[in-house]
Ligand code: ADE
């Protein structure tokens, strides 16, 4: 898988790049690259955004700047590009990311993620260059970088080789193996702490019973488990 992230802040990804599953994914020939819109702006002052027509707060990422950055990277008209590979604009109003969408993305050989900033993109970027829009939740972030990291994190850990043997992504929350349900509870040593005992079945060494218990726990938790704010 090859992922290109278009951003004004490639340096924001330095921490993310050092994460174990990201390093492992790179060792397995998956590639994560960054394109800085600013490196390709056709405007002499290095400008990438402008005030919105009609007035209003904030700045809007310019369509000509995004056009130039996509052309520089792929050597073709971005209007055609989106028919050849997913060009996904990160936007609070897009399709909300969930495990099913992560699986869909993980099956693609390549992805282009467009991060916006400030008030987001000139609408023509979304209309003519993006093949889809993706949101990591119905709230507004100051920019798409964190959203891009969330997408890359969730996608990369699904790829073969990104997780070690000991950390399978097959049977985790919302996976098909658990019928889309939340994951079962995990415990580790000590087996008892302040009188709180680990369920006996987990200490039994009886694999079939453990499996049955785990599936039952996942089902019993149901959607939306996890409690509310205090
Ligand atoms: N950019 C700003 N807010 C966002 C969100 N919630 N999801 C994706 N991209 C965004």
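Residue numbers (the numbering used here): 122 to 351. For each residue, glycine too, the CB sits at the ideal point set by N, CA and C. Being a predicted model, the structure only gives us computed values, none of them experimental.
- Residue 210 has 235, 254 as its beta-bridge partners, per DSSP.
- Distance check between residue 189 and each of 209, 156, 206 places 156 closest, using alpha-carbon atoms only.
- In terms of side-chain proximity, the C-beta atom of residue 261 is found nearer than 6 Å to a non-hydrogen atom of the ligand ADE.
- Excluding the 5 residues flanking it on each side, residue 342 has same chain C-beta neighbours closer than 6 Å at 303, in chain order.
- In the three-state DSSP reduction, residue 130 falls in the coil class, being neither helix nor strand.
- Closer than 6 Å to some heavy atom of the ligand ADE: that describes the Cβ of residue 211.
- By the Cβ neighbour-count rule, residue 226 is buried, with 16 or more other Cβ atoms within 10 Å of its own.
- For the ligand ADE, no non-hydrogen atom lies closer than 6 Å to the CB of residue 253.
- Here residue 312 really is in contact with residue 319; their C-beta atoms are around 5 Å apart, less than 8 Å.
- Sequence-distant partners of residue 163 (beyond 5 residues in either direction) whose C-beta falls short of 8 Å from its own C-beta, in its chain, are 185, 186, 189.
- In terms of side-chain proximity, the C-beta atom of residue 268 is found nearer than 6 Å to a non-hydrogen atom of the ligand ADE.
- One alpha carbon belongs to residue 130, the other to residue 193, and they sit about 18 Å apart.
- In the three-state reduction of the DSSP assignment, residue 155 falls in the strand class, which pools E and B.
- Here residue 281 has 149 as same chain residues with Cβ atoms under 8 Å from its own Cβ, once five neighbours each way along the sequence are excluded.
- Ranked by Cα distance from residue 335, the first of 316, 294, 349 is 294.
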